[in-house]
Structure formats: structure tokens, C-alpha cells
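Chemist:
Protein chains: 2
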Amino acid sequence: MTTIKRLDSLDPNFNSSLSSILEFDSSEDKSIEETVNLILKDIKNDGDKALLNYTKKFDRLDINSPDKLEIPKEEWVKALNNVPKKQREALEISVSRIREYHEKQRASTWSYEDSDNNILGQKITPIDKVGLYVPGGKASYPSSVLMNAIPAKIAGVPELIMVSPTPDGHVNSMVLAAAALGNVDRIFAIGGAQAIGALAYGTETVTQVDKIVGPGNAYVAYAKRKVFGTVGIDMIAGPSEILIICDGNTPAEWIAMDLFSQAEHDELAQSIMLCPDLDFINEVEYQINKLLYKMPRFDILKKSLSNRGALIKVRDLYEACDIANMIAPEHLEISTENANELVQFIRHAGAIFIGRFSSESLGDYCAGPNHVLPTSRTARFSSPLGVYDFQKRSSLINISEKGSINLGKTASILATGEGLQAHASSAQYRIDGNIS
Amino acid sequence: MTTIKRLDSLDPNFNSSLSSILEFDSSEDKSIEETVNLILKDIKNDGDKALLNYTKKFDRLDINSPDKLEIPKEEWVKALNNVPKKQREALEISVSRIREYHEKQRASTWSYEDSDNNILGQKITPIDKVGLYVPGGKASYPSSVLMNAIPAKIAGVPELIMVSPTPDGHVNSMVLAAAALGNVDRIFAIGGAQAIGALAYGTETVTQVDKIVGPGNAYVAYAKRKVFGTVGIDMIAGPSEILIICDGNTPAEWIAMDLFSQAEHDELAQSIMLCPDLDFINEVEYQINKLLYKMPRFDILKKSLSNRGALIKVRDLYEACDIANMIAPEHLEISTENANELVQFIRHAGAIFIGRFSSESLGDYCAGPNHVLPTSRTARFSSPLGVYDFQKRSSLINISEKGSINLGKTASILATGEGLQAHASSAQYRIDGNIS
Numbered sequence: 224m225t226t227i228k229r230l231d232s233l234d235p236n237f238n239s240s241l242s243s244i245l246e247f248d249s250s251e252d253k254s255i256e257e258t259v260n261l262i263l264k265d266i267k268n269d270g271d272k273a274l275l276n277y278t279k280k281f282d283r284l285d286i287n288s289p290d291k292l293e294i295p296k297e298e299w300v301k302a303l304n305n306v307p308k309k310q311r312e313a314l315e316i317s318v319s320r321i322r323e324y325h326e327k328q329r330a331s332t333w334s335y336e337d338s339d340n341n342i343l344g345q346k347i348t349p350i351d352k353v354g355l356y357v358p359g360g361k362a363s364y365p366s367s368v369l370m371n372a373i374p375a376k377i378a379g380v381p382e383l384i385m386v387s388p389t390p391d392g393h394v395n396s397m398v399l400a401a402a403a404l405g406n407v408d409r410i411f412a413i414g415g416a417q418a419i420g421a422l423a424y425g426t427e428t429v430t431q432v433d434k435i436v437g438p439g440n441a442y443v444a445y446a447k448r449k450v451f452g453t454v455g456i457d458m459i460a461g462p463s464e465i466l467i468i469c470d471g472n473t474p475a476e477w478i479a480m481d482l483f484s485q486a487e488h489d490e491l492a493q494s495i496m497l498c499p500d501l502d503f504i505n506e507v508e509y510q511i512n513k514l515l516y517k518m519p520r521f522d523i524l525k526k527s528l529s530n531r532g533a534l535i536k537v538r539d540l541y542e543a544c545d546i547a548n549m550i551a552p553e554h555l556e557i558s559t560e561n562a563n564e565l566v567q568f569i570r571h572a573g574a575i576f577i578g579r580f581s582s583e584s585l586g587d588y589c590a591g592p593n594h595v596l597p598t599s600r601t602a603r604f605s606s607p608l609g610v611y612d613f614q615k616r617s618s619l620i621n622i623s624e625k626g627s628i629n630l631g632k633t634a635s636i637l638a639t640g641e642g643l644q645a646h647a648s649s650a651q652y653r654i655d656g657n658i659s
Numbered sequence: 224m225t226t227i228k229r230l231d232s233l234d235p236n237f238n239s240s241l242s243s244i245l246e247f248d249s250s251e252d253k254s255i256e257e258t259v260n261l262i263l264k265d266i267k268n269d270g271d272k273a274l275l276n277y278t279k280k281f282d283r284l285d286i287n288s289p290d291k292l293e294i295p296k297e298e299w300v301k302a303l304n305n306v307p308k309k310q311r312e313a314l315e316i317s318v319s320r321i322r323e324y325h326e327k328q329r330a331s332t333w334s335y336e337d338s339d340n341n342i343l344g345q346k347i348t349p350i351d352k353v354g355l356y357v358p359g360g361k362a363s364y365p366s367s368v369l370m371n372a373i374p375a376k377i378a379g380v381p382e383l384i385m386v387s388p389t390p391d392g393h394v395n396s397m398v399l400a401a402a403a404l405g406n407v408d409r410i411f412a413i414g415g416a417q418a419i420g421a422l423a424y425g426t427e428t429v430t431q432v433d434k435i436v437g438p439g440n441a442y443v444a445y446a447k448r449k450v451f452g453t454v455g456i457d458m459i460a461g462p463s464e465i466l467i468i469c470d471g472n473t474p475a476e477w478i479a480m481d482l483f484s485q486a487e488h489d490e491l492a493q494s495i496m497l498c499p500d501l502d503f504i505n506e507v508e509y510q511i512n513k514l515l516y517k518m519p520r521f522d523i524l525k526k527s528l529s530n531r532g533a534l535i536k537v538r539d540l541y542e543a544c545d546i547a548n549m550i551a552p553e554h555l556e557i558s559t560e561n562a563n564e565l566v567q568f569i570r571h572a573g574a575i576f577i578g579r580f581s582s583e584s585l586g587d588y589c590a591g592p593n594h595v596l597p598t599s600r601t602a603r604f605s606s607p608l609g610v611y612d613f614q615k616r617s618s619l620i621n622i623s624e625k626g627s628i629n630l631g632k633t634a635s636i637l638a639t640g641e642g643l644q645a646h647a648s649s650a651q652y653r654i655d656g657n658i659s
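First to last, the sequence lines map onto chains F and E. Going by my numbering, the first sequence opens with residue 224, and the numbers climb by one from there. Going by my numbering, the second sequence opens with residue 224, and the numbers climb by one from there.
Set out below in C-alpha cells:
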């Protein structure tokens with residue numbers, strides 16, 4: 224049986240075999256594009272009226288008054304109070320650790336003065352209004368609410384508007400509880416492209432925001448891509464991935480379960496191990512086959528492991544680091560002796576889990592760092608979600624009279640060279656003029 | 224005559240009048256989309272062959288060997304050596320000031336240890352390969368090369384690949400000189416959507432990059448939007464804008480020329496002044512009409528000022544700040560007494576020029592901060608180009624044995640709540656297991 228593929232870096236076809244495992248069809252469906260374009264147009268033109276129509280159509284909610292789309296704060300507080308004690312404590316530990324980590328990401332305004340008494344700097348401000356999309360149904364995770372809301376609030380975002388569909392009126396009370404803990408400001412029971420449209424363009428009831436974050440299905444993803452520019456967006460997330468570099472001395476069932484913890488997300492999720500020890504690879508495969516049948520999400524696991532998983536024999540741990548950089552994984556576990564020494568060779572990864580005790584699941588919930596991470600090799604150019612995604616910068620340029628003379632000469636020469644005479648004259652006026 | 228519109232914030236229709244001035248048609252042309260989609264597909268499938276074909280078609284360059292698309296470094300060094308002394312000095316002052324400012328933006332890796340000896344942090348790495356698009360023809364500016372190349376190199380980008388079309392073989396030697404000063408690594412004489420495709424997908428000759436930055440025409444902008452995800456991109460720039468808040472005590476011809484310095488860029492550029500002093504507004508209008516006819520770029524100025532410019536009478540300077548926040552301008556000049564005090568009221572602007580001597584043109588060339596700034600109200604959620612655009616972050620999570628027990632409990636409870644059993648088991652294994 225082949226629950227999971229086996230590759231060897233010495234195989235002459237290794238690169239193409241690996242590429243074919245990494246690939247997935249990310250092309251956007253034409254029919255999704257057309258549907259979303261129509262929904263966005265309707266929301267832009269008809270506001271609440273269109274929003275109610277689409278919510279009736281897709282979520283089967285027959286609401287006649289748009290203000291009923293909002294879930295009042297009393298309901299979230301009630302949801303939070305009803306969370307069982309053990310879970311409530313776990314949520315609060317998680318909140319406090321996520322907060323501690325993200326507070327270190329907060330940027331501050333800075334400036335300096337040069338020898339002509341010009342003051343130059345950068346002012347940091349929060350985004351005014353942020354929309355947070357939270358999927359409904361099976362992919363609705365309270366931990367995701369916390370991972371998005373906490374950095375936004377640390378950045379100082381005054382208005383954080385959450386949207387989440389409630390198909391057939393089904394509300395996820397843990398998600399509401401997490402929203403209350405995360406200090407979300409308002410929640411609307413809307414979803415899909417219509418919710419993205421409402422946030423991007425505003426309706427009579429839903430506040431227009433400046434940026435939209437949070438994961439969603441293909442309709443939501445395309446709608447976000449489409450409204451980008453009108454508002455800011457976070458990343459467009461692909462399937463989740465884990466890459467484990469192991470020296471062969473971690474218990475094989477730990478590694479098997481770590482591979483599962485990614486593969487159980489969905490059928491496109493990707494779990495790969497790199498190891499120089501063939502005996503250990505065999506042992507991990509054995510554990511996979513043994514443990515698989517006990518897992519509640521067996522069907523998903525089976526599909527994602529067999530379609531997109533791999534156990535890869537490498538020459539050594541340095542080659543493993545090279546392959547990791549090529550893959551640029553969302554999650555990288557370095558499950559080796561002296562794992563810290565290998566970190567220096569890693570250039571591209573969303574999150575690096577260092578050492579045998581650092582299982583990815585700890586990072587997903589409560590280690591502190593964000594679990595919203597770049598997928599599909601985008602760690603080559605992007606970063607985990609953070610406070611920096613909710614702050615922005617303005618350059619500060621305060622030129623002294625003396626500075627305007629010195630800099631004016633330089634600017635005037637360069638502007639003239641570029642054929643921009645008004646730029647040159649504007650600089651020249653300050654050199655010639657005297658208003659004191 | 225109406226060279227520039229006049230508005231008054233007390234006018235009952237003020238908001239809609241202002242909105243109509245701010246609006247511009249940003250919709251993408253269907254025919255541009257189709258052309259670009261075809262070009263990208265061809266480049267992806269046929270690499271150099273398609274690249275040569277399109278370069279022949281659009282730039283009329285009949286090159287038979289793809290390696291001739293590269294402009295060898297000797298040519299840039301020659302171009303730099305041929306720059307007249309005065310301009311060379313101006314370029315070097317500019318380089319040194321841009322460098323001084325941007326070095327303060329460089330982020331560093333950090334970490335901290337918690338009470339369970341878990342180490343958490345964030346590792347900073349540069350992007351490996353960056354593509355820099357530089358337009359050909361009239362919008363080809365050496366200053367833009369510096370503003371993009373310098374932060375990339377300060378971030379530590381090892382491979383910075385510049386592309387710039389050379390229609391009919393015309394090479395802009397100042398652009399080559401700036402590339403030499405900015406430590407660009409390679410230059411290819413290619414442009415348009417075909418250059419974006421070559422950078423995003425790689426060809427036999429052109430290196431595949433991880434991120435593409437730099438301005439371009441509508442074809443380039445759409446191509447960048449299209450390849451976003453495969454590679455990172457900077458922003459999609461709209462028309463340039465200046466907003467000036469003036470108390471009425473700056474020489475009117477300075478303000479007029481500052482408005483020109485934006486309006487001369489292109490016909491869609493936007494120049495707006497906010498002022499509480501009606502006499503001064505009249506004086507600025509008089510200076511505009513007087514100075515306009517002397518300007519070499521008269522035709523462009525006339526169109527942009529009359530279509531998109533405005534002199535706006537406001538109640539006071541505080542109202543001016545409120546309007547500025549609504550407009551979220553690319554460039555904001557605060558040309559008032561005690562301008563620094565007004566800065567605290569500004570939440571959204573790409574760059575803030577503080578005081579009467581701080582003309583925008585100084586910032587465009589040599590003050591130090593970047594001149595690549597968010598346009599079209601995107602300063603509500605985005606920032607000037609900076610070193611941070613060429614660095615990325617990886618979370619560091621190093622959990623101790625003790626930490627894995629404590630965090631494991633929390634993670635296990637939350638994962639079970641979310642129905643993710645493999646996540647819970649993966650955490651639980653570390654609690655139960657003992658490998659020492």
C-alpha cells in the first residue's frame with residue numbers, strides 16, 4: 224500500500240518528482256469569477272438590499288431588516304460566559320501568550336535631525352477600520368479569531384468589524400466567545416463574496432473598512448483579490464503545509480502525528496518529512512499506517528497524505544535545509560539534535576519550530592506567534608500576519624531654511640535632468656526667496 | 224477662466240463636489256487584460272522565444288540571441304562615468320541621503336525567553352531575488368531607480384534584476400548611471416507585460432525573481448496584479464497627488480509652484496490646496512494663472528489642474544486636517560506656522576512635508592525618505608516603499624520539555640474543541656512521552 228510517497232534526493236528525477244508533489248491547481252474557476260463579480264456589483268449598487276438578498280439565497284436567512292444582520296455584543300458576552308471552565312482557561316492562556324508575543328512587534332514613530340537641522344522620520348499610525356472574515360461551518364476556528372483580532376488591537380485599530388456567515392441561523396458560540404476575548408468591536412452575520420463587498424464598499428448598515436483580513440473559501444478569496452486596491456487585504460491563503468526535517472532520533476510516532484496534524488486540515492494540505500536515515504523513514508511510514516486508522520479525520524488524512532505527502536531520504540541535514548529553502552514551507556519543524564544550529568541555514572519559512580518538543584500544534588494555538596502564515600512558497604517574499612499588517616507609516620520631512628537651500632540645489636539639478644521644471648522651480652523658489 | 228476649481232467646505236454640496244474631484248476611472252480595460260493574459264501565457268510556455276518576439280513587436284528590436292537582451296555592466300559604468308560632474312555630484316548626495324534614511328528602517332531578528340525556557344522570536348531575512356521595473360521613454364527617471372534599488376540593497380537582497388524597455392534601441396544613460404550607483408546586479412532591455420512575465424516565471428535567460436517592484440503603464444500594472452501570488456509585488460500605483468494645507472502666510476508663488484510640481488507629472492495628477500484665507504486663495508489662483516504660461520509642460524499642467532485640481536476654502540486648519548485624513552493624500556504639505564503641531568492630527572498620508580521650506584520636490588529627490596508612496600487613498604492602509612518591503616519574517620518557536628507539557632495541555636484542549644484530533648494528539652505525545 225502507498226499511504227504516502229517515498230522520494231530520494233539521489234534519484235536523478237528527484238527535482239521533477241518533488242515539483243510535481245508541490246504543485247497544485249490554484250487557477251481560479253471562471254464561474255466563481257463571474258458569480259463574485261456579479262455579487263460585488265450588486266452590493267456596490269444596492270447596499271443592504273443586495274446584502275439581504277444574497278444572505279437569504281446562500282445562508283437561507285430570511286431577515287427583513289438589515290439591522291438584524293448584526294449580532295449584538297450581549298450575545299458574544301453570553302457565549303463567553305457559557306464556555307466550559309477548562310476551555311475558557313485555555314482560551315485565556317492563549318490570549319495572554321499571543322498578546323505578549325505580538326506586543327514586541329509594535330512599531331514606533333522615529334525621527335532624526337541632520338547637520339542642517341532638517342528633521343526626517345517616520346510616523347506610525349494604526350489602520351482606522353479593519354474587517355475580519357471568519358468562515359462559517361467546519362472551518363470556523365476560534366483560534367483564528369484570536370490570531371487576527373489580537374495583533375489588530377495591539378496595533379491600535381479603533382474599529383474591528385468581524386463578519387461570519389451563520390448558515391440556517393447556526394452560530395458558532397466558541398467563535399463569538401473568541402471575538403469577545405479578542406476585543407472585536409462589531410459582528411455581522413454575513414459571509415461569502417457579499418460580506419467582502421459590504422466591507423469594501425460599505426452599505427447602509429455595514430461600515431466600510433480600510434483593510435480586510437482572514438481566511439475564506441474560493442469565493443471569498445477571489446472577492447478579496449478583486450477589491451484589493453479599494454481596500455487593503457492580507458494574503459490569499461493556499462492549502463496548509465508542514466515540512467519536517469528530522470535526524471531520525473525523534474520518536475517516530477511524534478513525527479507521524481505531526482505530519483497528520485497538517486494533513487488533517489483538508490485534502491490539499493501537504494505534509495513532507497526530510498530525513499537522512501532510511502530506517503527511521505521506514506519506521507515513520509510504519510507509524511503512519513498504524514496510527515492512521517485510529518484518527519477521526521481518517522478520510523481527509525488518507526487523501527492528503529497519499530496525494531500530497533512525502534517521506535524524502537536526503538544525503539544529510541544540510542541538504543535538507545537547501546530543500547526546505549526551495550520549498551519555503553508555511554511550517555518548518557527542525558526535529559534534530561542542536562536544531563538551533565540549523566536555523567541559520569533557513570532563509571524561507573513562515574514559522575520555524577526548533578527542537579523535538581516544538582510541535583506545530585503548539586504554535587497553532589498558544590506558543591504566542593501568529594498561526595496565519597504564508598503558504599504555497601510565498602514565504603519567499605512574505606511574512607506571518609502581525610501587528611505590522613495593521614499599522615502603516617507616513618514619512619516625515621521637516622526641512623529647515625538652511626536645508627532648503629542645500630537640498631534645493633541638488634533637487635533642482637536632478638529635476639532639470641528629468642525634464643520636470645516645476646519641481647526644479649519649486650526647489651529654486653526656496654533658495655531665492657526670503658520670507659523672514 | 225477656470226484653470227482650477229474652487230470649493231468651499233461650507234457649501235452644502237461640498238462633500239459630493241470633493242468626491243467627484245477625487246474620483247478617477249481606475250477600471251481596467253478589457254482589451255488590456257486580454258493582451259496581457261496572452262503575453263503572460265506565451266512567456267510562461269515559450270520563455271526566451273516569446274520574449275524575443277514581443278520585444279521585436281513592441282520595442283522594434285530585432286535581436287536574434289536572447290543573451291543580447293542583457294545590458295552588460297561595462298555599459299552602465301561607462302554611462303556613470305559620462306554623467307556631467309554637477310549631475311554626478313547631485314546623484315551622489317541623493318544616494319547618500321536616501322541610504323542614511325533607509326538604514327534606519329532595517330529590521331533585526333529578535334527573541335525572548337519565557338518562564339518555562341521557551342524561546343520565541345522572529346527571524347529577519349532578505350528576499351533572495353527582486354525584479355525592478357523601470358519604464359522607458361518620458362517616464363524613465365533615474366531618481367526612481369535609486370528609490371527602489373537602495374532600500375532593496377540595504378535589506379540585503381543578493382540579486383536585484385532591473386528591466387527597462389529600450390524602444391528602437393534608445394537607452395536612457397542616466398537610468399543606467401543610477402543603476403550603477405544603486406548597486407543593481409543585472410539589467411535586461413525588456414519591458415511591458417513580457418518583462419513582468421519573464422521575471423515572474425523566469426526564462427532561459429532572465430532569472431525568475433521572488434518579488435517585482437517599480438512603476439509601469441496600464442499593461443505593466445495589470446501584469447503585476449496578475450502574477451501576484453506567484454511572486455510578491457509592491458503597490459499598484461495610481462496618479463500622483465499633492466494636498467497642501469496652508470495658513471495663507473507662505474508666498475503664494477511657492478504654493479502655486481508646489482501645486483504645479485505634482486500637476487506636471489501627467490494629466491491625471493491631482494493638486495489640491497486647503498486654506499482658511501480667501502484672499503490668499505485668490506492670490507494663489509492669480510499666481511497659477513500668471514506662472515502657468517511660462518511652464519514647459521504647460522499642456523499637461525493645464526489639463527491636470529482644470530480636471531483634477533482644486534483650491535478649497537476651509538473653516539480652519541483643524542478642518543483642513545480632517546479633510547486631509549479623508550483624502551489620505553500621497554504627498555501632504557503642511558505650509559503653516561507651527562506646522563509640527565498639526566502633524567499629530569494627520570492619520571493618513573504617504574509623506575508629510577512639514578513647514579514652509581519643505582517642498583515636495585525635495586522629498587522627490589534627496590531629502591532621504593522614499594518617493595514611492597501610496598496613491599489613490601491607499602495611505603489609509605499602506606506605507607511608503609521601504610527596506611521592510613525587501614525583508615521578510617519567520618516566526619521562531621523553540622519549546623522546552625517543560626514548556627511542551629504546559630503548552631501541550633492548552634493546545635490539546637483547544638484543538639479538541641476545534642475537532643482537530645491530530646493536533647491534540649501531537650501535543651499530547653510530548654506530554655506523555657519521554658525521550659531523555
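Every residue gets a Cβ at the ideal spot worked out from N, C-alpha and C, and that includes glycine.
Starting from residue 635/F, trace the alpha helix (DSSP H) both ways and give me its first and last residue.
Modeler: Stepping through the first sequence from its first residue, residue 635/F is reached at position 412. 624-640 is the extent of the alpha helix (DSSP H) around residue 635/F.
Chemist: Could you check the C-alpha separation between residue 432/E and residue 422/E for me, to the nearest Å?
Modeler: To locate residue 432/E, count along the second sequence from 1; it is residue 209. To locate residue 422/E, count along the second sequence from 1; it is residue 199. C-alpha separation (whole angstroms): 6 Å.
Chemist: Using 8 Å as the Cβ pair cut-off and three pairs as the minimum, do the stretch 434-454 of chain E and the stretch 524-539 of chain E touch?
Modeler: Segments in contact, no.
Chemist: Among 383/F, 654/F, 615/F, 644/F, which residue has its Cα nearest to the Cα of residue 349/F?
Modeler: Along the first sequence, one-based indexing puts residue 349/F at 126. With distances taken between Cα atoms, residue 349/F lies closest to 615/F.
Chemist: Can you give, in chain order, each stretch of the beta strand (DSSP E) that sits fully within the stretch 322-394 of chain F and has at least 3 residues?
Modeler: You should have 333-336, 342-349, 352-356, 382-386.
Chemist: Using a C-beta to C-beta distance shorter than 7 Å, which residues of chain F count as neighbours of residue 588/E?
Modeler: Residue 588/E sits at position 365 when you count from the first residue of the second sequence. Going along chain F in sequence order, the residues near residue 588/E (Cβ under 7 Å) are 633, 634, 637, 638.
Chemist: On the CB-based measure, 16 or more other CB atoms within 10 Å of its CB, does residue 659/E come out buried or exposed?
Modeler: Within the second sequence, numbered from 1, the residue matching residue 659/E stands at position 436. Residue placement at residue 659/E is poorly supported in this model, since its pLDDT is 45, which falls under 50; the coordinates still yield a value, given next. Exposed, since its Cβ has fewer than 16 Cβ neighbours within 10 Å.
Chemist: Is the stretch 383-391 of chain E close to the stretch 281-296 of chain E, with three or more CB pairs under 8 Å?
Modeler: Verdict: yes, contact present.
Chemist: Please list, in chain order, the residues of the stretch 606-629 of chain E that have any C-beta partner in chain F closer than 8 Å.
Modeler: Under the 8 Å Cβ criterion, the stretch 606-629 of chain E contributes 606, 607, 609, 611, 615, 616, 617, 618, 619, 620, 621, 622, 623, 624, 626, 627.
Chemist: Given a threshold of 16 other Cβ atoms within 10 Å of its Cβ, counted over all protein chains shown, does residue 613/E qualify as buried or as exposed?
Modeler: Residue 613/E sits at position 390 when you count from the first residue of the second sequence. Residue 613/E should be labelled buried.
Chemist: In chain order, what residues of the same chain lie with their CB nearer than 6 Å to the CB of residue 439/F, ignoring the 5 residues before and after it?
Modeler: Translated into positions along the first sequence, residue 439/F becomes position 216. Excluding residues within five positions, the ones whose Cβ falls inside 6 Å are 356, 358.
Chemist: Please work out which residues of its chain come closer than 6 Å, Cβ to Cβ, to residue 651/F, disregarding the five sequence neighbours upstream and downstream, and give them in chain order.
Modeler: As a first step, residue 651/F is located in the first sequence; it is residue number 428 there, counting from the start. If we look at residue 651/F and ignore the five residues flanking it on each side, its Cβ neighbours are 635.
Chemist: In terms of alpha-carbon separation, which member of 617/F, 277/F, 318/F lies closest to residue 587/F?
Modeler: Looking up residue 587/F in the first sequence gives position 364. Minimum Cα distance to residue 587/F is reached at 318/F.
Chemist: Throw me the rounded Cβ distance for the residue 416/F and residue 263/F pair, which I believe falls under 8 Å.
Modeler: Stepping through the first sequence from its first residue, residue 416/F is reached at position 193. Stepping through the first sequence from its first residue, residue 263/F is reached at position 40. About 6 Å; that satisfies the 8 Å criterion.
Chemist: I need the boundaries of the beta strand (DSSP E) containing residue 621/E, first residue and last residue.
Modeler: Locating residue 621/E in the second sequence gives position 398, where the first residue counts as 1. Segment 614-621, the beta strand (DSSP E) holding residue 621/E.
Chemist: For residue 621/E, does the count of other Cβ atoms within 10 angstroms reach 16, so buried, or fall short, so exposed?
Modeler: Here residue 621/E refers to the residue found at position 398 of the second sequence. Looking at its Cβ environment, which holds 16 or more other Cβ atoms inside 10 Å, residue 621/E is buried.
Chemist: Per the contact definition of three or more C-beta pairs closer than 8 Å, is the stretch 550-563 of chain F in contact with the stretch 462-480 of chain F?
Modeler: Touching, per the Cβ criterion.
Chemist: Pull up the CB-CB distance for residue 489/F and residue 527/F, whole angstroms please, since I reckon it's below 8 Å.
Modeler: Numbered from its first residue, the first sequence carries residue 489/F at position 266. Numbered from its first residue, the first sequence carries residue 527/F at position 304. The pair is a contact, with the Cβ atoms about 7 Å apart (cut-off 8 Å).
Chemist: Any chance you could list the alpha helix (DSSP H) runs of at least 4 consecutive residues sitting entirely within the stretch 235-292 of chain F, in chain order?
Modeler: Those alpha helix (DSSP H) runs which fall completely within the stretch 235-292 of chain F and span 4+ residues are 237-245, 253-269, 271-282.
Chemist: For residue 202/E, tell me which candidate among 575/E, 574/E, 550/E, 544/E has the shortest Cα-Cα distance.
Modeler: There is no way to answer for residue 202/E, as the model of chain E reaches only from 224 to 659.
Chemist: Give me the subset of the stretch 311-329 of chain E whose CB atoms are less than 9 Å from a CB atom of chain F, sorted by chain position.
Modeler: Listed in sequence order: 312, 313, 314, 316, 317, 320, 323, 324, 327, 328.
Chemist: Round the Cβ separation of residue 606/E and residue 597/E to the nearest angstrom and send it over; I've been treating them as touching at under 8 Å.
Modeler: Residue mapping note: residue 606/E aligns to position 383 of the second sequence, counting from 1. Residue mapping note: residue 597/E aligns to position 374 of the second sequence, counting from 1. About 7 Å; that satisfies the 8 Å criterion.
Chemist: Exposed or buried, what is residue 300/E when buried is set at 16 or more other beta-carbons lying within 10 Å of its beta-carbon?
Modeler: Reading the second sequence from its first residue, position 77 is the one you call residue 300/E. Classification of residue 300/E: exposed, given that the 10 Å Cβ count is below 16.
Chemist: Please identify the residue among 656/E, 321/E, 237/E whose C-alpha is closest to the C-alpha of residue 366/E.
Modeler: Reading the second sequence from its first residue, position 143 is the one you call residue 366/E. Considering only alpha carbons, the answer is 321/E.
Chemist: Do you know how far the Cα of residue 242/F is from the Cα of residue 577/E?
Modeler: Looking up residue 577/E in the second sequence gives position 354. Looking up residue 242/F in the first sequence gives position 19. When rounded, the distance between both Cα atoms is 53 Å.
Chemist: Tell me whether residue 605/E sits in a helix, a strand or coil according to DSSP, three-state version.
Modeler: Taking the second sequence and counting its residues from 1, the one referred to as residue 605/E is at position 382. Residue state, collapsed to three classes: coil.
Chemist: Are the Cβ atoms of residue 610/F and residue 328/F separated by less than 8 Å?
Modeler: Within the first sequence, numbered from 1, the residue matching residue 610/F stands at position 387. Within the first sequence, numbered from 1, the residue matching residue 328/F stands at position 105. Against a cut-off of 8 Å, the Cβ pair of residue 328/F and residue 610/F comes out as a contact.
Chemist: Ignore the nearest five residues each way along the sequence and tell me which others in residue 324/E's own chain have a CB closer than 7 Å to its CB.
Modeler: Working through the second sequence from its first residue, we reach residue 324/E at position 101. Answer for residue 324/E: 591, 592, listed in chain order.
Chemist: Cα-Cα, which of 494/F, 656/F, 414/F is closest to residue 189/F?
Modeler: Outside the modelled stretch of chain F, which goes from 224 to 659, sits residue 189/F, for which no answer is possible.
Chemist: Alpha carbon to alpha carbon, how far is residue 514/F from residue 521/F?
Modeler: Within the first sequence, residue 514/F is the residue found at index 291, counting from 1. Within the first sequence, residue 521/F is the residue found at index 298, counting from 1. One C-alpha to the other measures close to 10 Å.
Chemist: Give a yes or no on whether 8 Å exceeds the smallest Cβ distance from residue 443/F to chain E.
Modeler: Start at 1 with the first residue of the first sequence, and residue 443/F comes out as number 220. Cβ-Cβ to chain E under 8 Å: no for residue 443/F.
Chemist: Determine, using beta carbons only, whether residue 299/F comes closer than 8 Å to chain E.
Modeler: Along the first sequence, read from residue 1 onward, the residue named residue 299/F stands at position 76. False, the Cβ-Cβ gap to chain E never drops below 8 Å.
Chemist: Is residue 643/E buried or exposed, if buried means 16 or more other CB atoms sit within 10 Å of its CB?
Modeler: As a working mapping, residue 643/E is identified with position 420 in the second sequence. So residue 643/E counts as buried.
Chemist: Starting from residue 463/F, follow the alpha helix (DSSP H) in both directions and report where the run begins and ends.
Modeler: Sequence index remark: in the first sequence, residue 463/F carries index 240 (1-based). Note, residue 463/F: premise wrong, no alpha helix (DSSP H); not H, not E.
Chemist: So what's residue 646/F in DSSP terms, helix, strand or just coil?
Modeler: Taking the first sequence and counting its residues from 1, one reaches residue 646/F at position 423. DSSP places residue 646/F in helix when its eight states are reduced to three.
Chemist: Enumerate in chain order the residues of its own chain whose CB-to-CB distance from residue 533/F is below 6 Å, with the five nearest sequence positions on each side excluded.
Modeler: Along the first sequence, read from residue 1 onward, the residue named residue 533/F stands at position 310. Hits under 6 Å: 228, 230, 244, 495.
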